[in-house]
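> Handing you this structure, nothing more for now.
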Amino acid sequence: MTSRASPEWVPGERLTRQRPPEPEPPEDAPTIGVLALQGNVLEHLRALREAGARAVRVRRPADVEGLDGLVIPGGESTTIGRLLDLAGLSEPLQGLVAAGLPAFGTCAGMILLSDSLDQERPQPLLGGLHVVTRRNAFGRQLESFETDLDVTGLDGGPLHAVFIRAPWVQRAGDDVEVLAEVDGHPVLVRQGYLLAAAFHPELTDDRRLHRAFVTLVRQARDARRVAADAAGERPG
Ligand code: GLN
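Structure (structure tokens):
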């Protein structure tokens, strides 16, 4: 194996070599944007492509054009929230999520999708998901851990999940379905076309959650098309 000290060493080579090339999207693939201001952007782009989506970066308001879904990655929610405002993305994304755009928030992304947080200090959020979320909820000793989750409705056995300074859902509205818990605390929830995970599904090779989100995005797109056809908006 090539080591850092050897003359053949190329930075990043091991990282690009150890993964197969990203697949081309199928013809009818939905387009899913990954909010690309800070955090685990590349991992989500790859995971979405592996799950059968066309995945694009969202950095500025023009990038939201034509999106069928949105992923908000993990990172630092205070930083991402501030950058959302600076980029002029808060309002357009809030509008789209409120209008039914499917969104999947992971870790910091779950925090940003939350309607409110269990903390005094205010911080910018997108909201839309009817939950109160507690940041860094697992405390110091469990800053990072991995565990196998039983996920409601997910075929194929337990889901291995990586938690990094993870939040949990402290309180959830009646329309929020809890799909997985750790010690009685919700860590995977769904509300209509919104999905939120306290952990990092982009950091493991299990693509079941990304595939579930792509399915949700396809369902939303089909529903929109049916509604548009009924309203006579689409020719033929
Ligand atoms: N603790 C971070 C926050 O509050 C989230 C951590 C993560 O996304 N891995 O934003």
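Residue numbering for the sequence shown follows numbering that gives the first Met the number 0, starting at 0 and increasing by one per position.
Beta carbons are placed, not taken as given, at the ideal position from N, Cα and C, and that holds for glycine.
What you are looking at is a predicted structure, and each value in this text was computed from that prediction instead of being measured.
1. Taking the straight line between their C-alpha atoms, what separation do you get for Q169 and V181?
2. Would you call the CB atoms of Q319 and V213 closer than 8 Å?
3. Use the C-beta contact count for G65: other C-beta atoms within 10 angstroms, 16 or more gives buried, fewer gives exposed.
4. If you count every other CB in all the chains shown that lies within 10 Å of the CB of T151, and 16 or more means buried, which is it?
5. Distance check for E145 and G73, CA to CA, integer angstroms please.
6. L92 and V63 look like a contact to me (Cβ under 8 Å); what is the Cβ gap, rounded to whole Å?
7. DSSP has L41 in a bridge; who is on the other side?
8. Within 7 Å: the Cβ of V145 and any heavy atom of ligand 1?
9. Nearest CA to the CA of P60: which residue from I163, G32, G38 and A229?
This is what the structure gives:
1. Within the sequence shown, the letter at position 170 stands for residue 169. Within the sequence shown, the letter at position 182 stands for residue 181. If you take the alpha carbons of Q169 and V181, they lie about 12 Å apart.
2. Lying outside 0 to 235, the shown extent of the chain, residue 319 is not represented and no answer is given.
3. Within the sequence shown, the letter at position 66 stands for residue 65. By the neighbour-count criterion, in which a residue is buried when 16 or more other Cβ atoms sit within 10 angstroms of its Cβ, G65 is exposed.
4. On the sequence shown, residue 151 is found 152 positions in, with the first residue counted as 1. Label assigned to T151: exposed.
5. The residue you call residue 73 lines up with position 74 of the sequence shown. The residue you call residue 145 lines up with position 146 of the sequence shown. In this structure, the straight-line span from the alpha carbon of G73 to that of E145 is close to 16 Å.
6. Indexing the sequence shown from 1 puts residue 92 at position 93. Indexing the sequence shown from 1 puts residue 63 at position 64. L92 to V63, Cβ: 7 Å. Contact.
7. Taking the sequence shown and counting its residues from 1, one reaches residue 41 at position 42. According to DSSP, which records beta bridges pairwise, L41 is partnered with nothing at all.
8. Within the sequence shown, the letter at position 146 stands for residue 145. The sequence given here places Glu at residue 145; Val does not occur at that position. In this structure, E145 has its beta carbon at no less than 7 Å from each heavy atom of ligand 1.
9. By one-based count along the sequence shown, residue 60 stands at place 61. For P60, the nearest C-alpha among the options comes from G32.
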